[in-house]
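Colleague: Take the sequence shown: its position 594, counting from 1, is numbered 1787 in the working numbering, and each next residue is one higher.
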Amino acid sequence: MAPTRYVFLLAIIVFVNFHGQTKAVFSVSGLLDILKVAKDVTVALVKAWDLVDQNIEFSEVPIPILHSTEKKLYGKIDRINSQLQDLAARVDNIGTQSMTTILHSLPERVRLELRLNDLLDYITRMDANYRRMQKYGTGDKTYERLTLEDFAESVISHDSSSVVNLVERIHAFVVPNGRGISDTGLFDLLANAMQEVEGDMICSTKQSPQQVLYNLYDAIALTELKGYTMIQFSYMLLRLYGKGNFTKEAQNTRERYEERTNNAVNSVRSAMENVSREFWKCDPKKWAKGESYEEITNLLQGYVQNEVDLNPEGTCRENCAEYTFTKSHGCFQNLYCRQQRTCSGKILDCKFYDSDMWICNANPLSGRRYEFIEYENGKVMGRKQGCSRGTTKVESWWRWLFWHCSYCFCLCDEQGPMSDRYINMRSAISDIKNNKVVTGLRFVKKNRIVHLQIQEGELLPRLNINASSLAWKPVDEYKLTDRKVFNGQDYHTLTWEKRRMDLDDLEADDGHMLTGVRFKEIGSHLNFEIYTTKFDFDTGKLKPEHSKWKDNPNTDVSIKNPRTKVRLVHPDIPIRSTSPSIPTSHSDQYIEFTNSDIDRDVAQTTVPFLDAQKVESLEAVPLSGAGIFHKGRQFFGGFIAPKIITYDVSKFLKAAFPTEQVN
1194 MAPTRYVFLL AIIVFVNFHG QTKAVFSVSG LLDILKVAKD VTVALVKAWD
1244 LVDQNIEFSE VPIPILHSTE KKLYGKIDRI NSQLQDLAAR VDNIGTQSMT
1294 TILHSLPERV RLELRLNDLL DYITRMDANY RRMQKYGTGD KTYERLTLED
1344 FAESVISHDS SSVVNLVERI HAFVVPNGRG ISDTGLFDLL ANAMQEVEGD
1394 MICSTKQSPQ QVLYNLYDAI ALTELKGYTM IQFSYMLLRL YGKGNFTKEA
1444 QNTRERYEER TNNAVNSVRS AMENVSREFW KCDPKKWAKG ESYEEITNLL
1494 QGYVQNEVDL NPEGTCRENC AEYTFTKSHG CFQNLYCRQQ RTCSGKILDC
1544 KFYDSDMWIC NANPLSGRRY EFIEYENGKV MGRKQGCSRG TTKVESWWRW
1594 LFWHCSYCFC LCDEQGPMSD RYINMRSAIS DIKNNKVVTG LRFVKKNRIV
1644 HLQIQEGELL PRLNINASSL AWKPVDEYKL TDRKVFNGQD YHTLTWEKRR
1694 MDLDDLEADD GHMLTGVRFK EIGSHLNFEI YTTKFDFDTG KLKPEHSKWK
1744 DNPNTDVSIK NPRTKVRLVH PDIPIRSTSP SIPTSHSDQY IEFTNSDIDR
1794 DVAQTTVPFL DAQKVESLEA VPLSGAGIFH KGRQFFGGFI APKIITYDVS
1844 KFLKAAFPTE QVN
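This is the structure:
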């Protein structure tokens, strides 16, 4: 058994040398690190071949020394295998999940589906062979030489299921060869498909399209590395057993591995350069107020008032349309005005629909004034689905046979305890001093004020994030009534005149990362800004002195790229939609907070809502930017939501094996 044990020693030395050169690498993750590890593996295997080439007489190796050395080396390989498994667990989990979810997102793309199915099959087979090699490399003396020879021969055989052929098949899927079904590479096919179903892809994978490509190749690169290690190990094993020299085969294997790796990196980089890096949250299965969405309440709300109370003289000489901007001046003879909550603010855009009506008053605690209004002419506003409080008959009247005192339907703009209409303007910045960057965003409401909250995490070398450091930074929980808290400085108050929010995607300059966000006022608009900080790729260190705010100051009257309005047509309450929301805006646009549709909802709800879901990737990554956009469906108010823009990893992907040879 001495020759067998010596073979295992050589195999373990490969991993020990590999471990010694890459110990720090296993503390981080990702394709960039796997490519670096790949270079170290090739060097370690070349050095191991130098050991094999020595003329060694196995019978001359002292057994006690062999046992002592085995014990030490087996202890090290156990630790290395544990680290490898941690790395593989992360890569396999993300990469495999990306593949399986893509299959469900793209049912009609037959070529891509077939390739992904086959790729999953090949990776599964490769992992099974690698697990066998790990067992054979534990130093268990009960394995027979015949078993080891059979494993090595199966790895390098010409059989279609051998590891040698599996790595070539995987590569054929990744890099196009210009012939037949492989004339388009997997990453190009996937990139093209994601442009067509980007929303579905984001919902399924919980990653930006570029992250999907990156993590997919992450899994492929690790599989290639496992295959290459098995092939070289098998050649060494067979040579030691006197089955041949295999020097030329081992050299060809190394050259081919380097060629495949370089080609694959070029292929995935080319695809990654052309896909979106944006990520936003799709609609949840069920909306929940305070969890998945928030509302601006009672900004503009439908309100019924008789024209006699809309002017200081108490006359009925005009018609409802004349009252475009007024207020309530009293309650004539304590009529219907005494049965509802009075509008103590501005009354706007009044209209006449019919003289008499039945009004279903809402529960005062709901924030609504009415559930529905049914006019005598048959017109119904809102949903007539019963009225638990009973309907109230409201009738217009004539004064002196000449003047008709009509009930008007108007909009009420009333600040007060029933109206949450405040948006935080204080900066939300990550802990830059402790090297933390923004990794996620979400809307939250605290003390009736809407905040854009940030998730932060510690930046590590080579674009990694310390997962244990991730946390949502608490927002400033100040109150509107606190001393030294001012409107226009600490918060913005939405009103009929100032209710526009700019919609933009903002990206940092090259070499900078997202470290903060805030809103500011530009005229009647609320404008979004990002804070960015320069960083060092290799060390992962931020440079706080190189930080700055970045915005898009364009307005709707700008000469170049004037903003356009996202128009809400007859908008119903957003959560009533049975179809999932889709993005409806782009940069250089704005949206107005307004009332819901009069016919569908009696104009009782302020739309759009705010999507309060956590916008964070499946795996935390640094960001190069962020955006505010609108999503929804036709005839619904939709949602204002944040998006994140993941850092462009493609610019750091380079050929792992340049022209110089590994010595």
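Ideal Cβ positions, reconstructed from N, Cα and C, are used throughout, including at glycine.
1) Can you list, in chain order, the residues of its chain with a C-beta nearer than 8 Å to that of R1890? Leave out the 5 residues immediately preceding and following it.
2) Hey, would you say the C-beta of V1458 is under 8 Å away from at least one heavy atom of the ligand MG?
3) Kindly give me the distance between the Cβ atoms of R1845 and T1454, rounded to whole angstroms, as I take these residues to be in contact under 8 Å.
4) What are the start and end residues of the alpha helix (DSSP H) that includes V1360?
5) Count the other CB atoms, across all protein chains shown, that sit within 10 Å of the CB of E1466; report buried if there are 16 or more and exposed otherwise.
6) How should S1661 be labelled, buried or exposed, when 16 other C-beta atoms within 10 angstroms of its C-beta is the threshold for buried?
7) Sorted by chain position, which residues of the same chain lie with C-beta nearer than 7 Å to S1220's C-beta, five sequence neighbours on each side aside?
8) Using DSSP's beta-bridge definition, name the partner residues of L1816.
9) Name, in chain order, the residues that DSSP records as bridge partners for W1591.
10) Name the two residues that bound the continuous alpha helix (DSSP H) containing F1426.
11) Per DSSP, what are the beta-bridge partners of S1740 in this structure?
12) Taking the alpha-carbon of T1585 as reference, which of V1759, D1320 and E1564 has the nearest alpha-carbon?
13) Which of the three DSSP states is assigned to I1766 in this structure?
14) Alpha carbon to alpha carbon, how far is L1719 from D1790?
15) Taking the C-alpha atoms as reference points, what is the distance between K1807 and E1690?
16) Count the C-beta pairs between the segment 1636 to 1648 and the segment 1663 to 1677 that are closer than 8 Å, then say yes if the count reaches three, no if not.
17) Thinking C-alpha only, which one of V1367, V1468 and T1440 is nearest Q1404?
18) What is the DSSP secondary structure of M1618, counted as helix, strand or coil?
19) Taking buried to mean at least 16 other C-beta atoms within 10 Å of its own C-beta, is T1798 buried or exposed?
20) Given a cut-off of 9 Å on the beta-carbon distance, is the pair L1656 and F1730 in contact?
21) Taking just the CA atoms, how far does L1383 sit from Q1682?
22) With a 10 Å radius around its C-beta and 16 neighbouring C-beta atoms as the bar for buried, classify L1431 as buried or exposed.
23) Quick check: L1359 and G1420, are their CB atoms within less than 9 Å of each other?
24) In whole angstroms, what is the alpha-carbon distance linking V1630 and E1812?
25) When the distance is taken between beta carbons, is H1644 closer than 9 Å to L1696?
26) Ordered along the chain, which non-local residues of its own chain (more than five positions away) have a Cβ less than 6 Å from that of D1476?
27) Touch check for the segment 1699 to 1716 and the segment 1558 to 1574: three-plus C-beta pairs under 8 Å?
28) When you compare only the Cα positions, how much space is there between S1810 and I1287?
29) Identify whether M1611 lies in helix, strand or coil by the three-state DSSP scheme.
30) Taking the alpha carbon of A1805 as the reference point, which residue from T1422, K1479, L1418 and K1436 has its own alpha carbon closest?
31) Among D1314, F1344, S1620 and L1313, whose alpha-carbon lies nearest the alpha-carbon of Q1327?
32) Let me know if V1367 comes out buried or exposed under the rule of 16 or more other beta-carbons within 10 Å of its beta-carbon.
33) Looking only at DSSP bridge pairs, what is K1586 linked to?
34) Mind checking which residues open and close the alpha helix (DSSP H) that includes S1463?
35) What does E1809 pair with, by DSSP beta-bridge criteria?
36) For G1483, which residues from the same chain have a beta carbon less than 8 Å from its beta carbon, with the 5 sequence-adjacent residues on both sides left out?
Modeller: Based on what the coordinates show:
1) Because the chain is modelled from 1194 through 1856, residue 1890 falls outside the range shown and cannot be assessed.
2) In terms of ligand content, the structure shown is empty, and the ligand MG therefore cannot be addressed.
3) Taking the sequence shown and counting its residues from 1, one reaches residue 1845 at position 652. Taking the sequence shown and counting its residues from 1, one reaches residue 1454 at position 261. The amino acid at residue 1845 is misidentified as Arg; the sequence shows Phe. Rounded to the nearest angstrom, the Cβ distance from F1845 to T1454 is 16 Å, too far for a contact under 8 Å.
4) As a position in the sequence shown, residue 1360 is number 167, starting the count at 1. For V1360, the enclosing alpha helix (DSSP H) has its first and last residue at V1356 to V1367.
5) As a position in the sequence shown, residue 1466 is number 273, starting the count at 1. Classification of E1466: exposed, given that the 10 Å Cβ count is below 16.
6) Locating residue 1661 in the sequence shown gives position 468, where the first residue counts as 1. Exposed, by the Cβ-count rule.
7) Indexing the sequence shown from 1 puts residue 1220 at position 27. Interpretation of S1220 is limited by its pLDDT of 30, a score under 50 that renders its predicted location unreliable; no figure is taken from the coordinates.
8) For the purposes of this step, residue 1816 is taken as residue 623 along the sequence shown, with counting starting at 1. T1839, per the DSSP bridge assignment.
9) Here residue 1591 is taken as the residue at index 398 of the sequence shown, counted from 1. DSSP, once it has assigned bridges, lists H1597 as partnering W1591.
10) By 1-based counting over the sequence shown, the position of residue 1426 is 233. From DSSP, the alpha helix (DSSP H) with F1426 extends over P1402 to L1433.
11) The residue labelled residue 1740 in the question sits at position 547 within the sequence shown. In DSSP, S1740 forms a bridge with T1726.
12) Residue 1585 sits at position 392 when you count from the first residue of the sequence shown. The residue among V1759, D1320 and E1564 with its C-alpha nearest the C-alpha of T1585 is E1564.
13) For the purposes of this step, residue 1766 is taken as residue 573 along the sequence shown, with counting starting at 1. DSSP places I1766 in coil when its eight states are reduced to three.
14) One-based indexing of the sequence shown puts residue 1719 at position 526. One-based indexing of the sequence shown puts residue 1790 at position 597. Approximately 24 Å between the Cα atoms of the pair.
15) Here residue 1807 corresponds to residue number 614 of the sequence shown, with the count starting at 1. Here residue 1690 corresponds to residue number 497 of the sequence shown, with the count starting at 1. CA-to-CA, the gap between K1807 and E1690 works out to about 31 Å.
16) Touching, yes, given that three or more Cβ pairs across the two stretches are closer than 8 Å.
17) Your numbering for residue 1404 matches position 211 in the sequence shown. For the residues V1367, V1468 and T1440, the minimum Cα distance to Q1404 belongs to V1468.
18) Translated into the one-based positions of the sequence shown, residue 1618 becomes position 425. Here M1618 sits in coil by DSSP.
19) To locate residue 1798, count along the sequence shown from 1; it is residue 605. Around the Cβ of T1798, a 10 Å sphere holds 16 or more other Cβ atoms; the residue is buried.
20) Residue mapping note: residue 1656 aligns to position 463 of the sequence shown, counting from 1. Residue mapping note: residue 1730 aligns to position 537 of the sequence shown, counting from 1. Taking 9 Å as the Cβ cut-off, L1656 and F1730 qualify as a contacting pair.
21) Here residue 1682 is taken as the residue at index 489 of the sequence shown, counted from 1. Here residue 1383 is taken as the residue at index 190 of the sequence shown, counted from 1. Those two C-alpha atoms are separated by around 47 Å.
22) Looking up residue 1431 in the sequence shown gives position 238. L1431 comes out buried.
23) By 1-based counting over the sequence shown, the position of residue 1359 is 166. By 1-based counting over the sequence shown, the position of residue 1420 is 227. Yes, these two residues count as a Cβ contact at 9 Å.
24) The residue given as residue 1630 occupies position 437 in the sequence shown. The residue given as residue 1812 occupies position 619 in the sequence shown. Their backbone Cα atoms lie some 15 Å apart in a straight line.
25) Numbered from its first residue, the sequence shown carries residue 1696 at position 503. Numbered from its first residue, the sequence shown carries residue 1644 at position 451. Between L1696 and H1644, the CB-CB gap reaches or exceeds 9 Å.
26) Within the sequence shown, the letter at position 283 stands for residue 1476. Closer than 6 Å at the Cβ level, and outside the excluded window around D1476, lie P1773 and S1774.
27) No contact exists between the segment 1699 to 1716 and the segment 1558 to 1574.
28) As a working note, residue 1810 is residue 617 in the sequence shown. As a working note, residue 1287 is residue 94 in the sequence shown. Taking the Cα positions, S1810 is about 11 Å away from I1287.
29) Against the sequence shown, residue 1611 aligns to sequence position 418. Coil at M1611, not helix or strand.
30) The residue labelled residue 1805 in the question sits at position 612 within the sequence shown. Ranking T1422, K1479, L1418 and K1436 by Cα distance to A1805 puts K1479 first.
31) Within the sequence shown, the letter at position 134 stands for residue 1327. Per the Cα distances, F1344.
32) As a working mapping, residue 1367 is identified with position 174 in the sequence shown. Buried is the call here.
33) By 1-based counting over the sequence shown, the position of residue 1586 is 393. Paired residue(s): W1551.
34) Here residue 1463 is taken as the residue at index 270 of the sequence shown, counted from 1. Here the alpha helix (DSSP H) through S1463 covers T1440 to M1465.
35) Residue numbering aside, residue 1809 sits at position 616 when the sequence shown is read from its first letter. Residue pairing by DSSP puts E1809 in a beta bridge opposite G1633.
36) Working through the sequence shown from its first residue, we reach residue 1483 at position 290. Residues of the same chain with a CB within less than 8 Å of the CB of G1483, apart from the 5 flanking positions on each side, are K1638 and A1805 in chain order.
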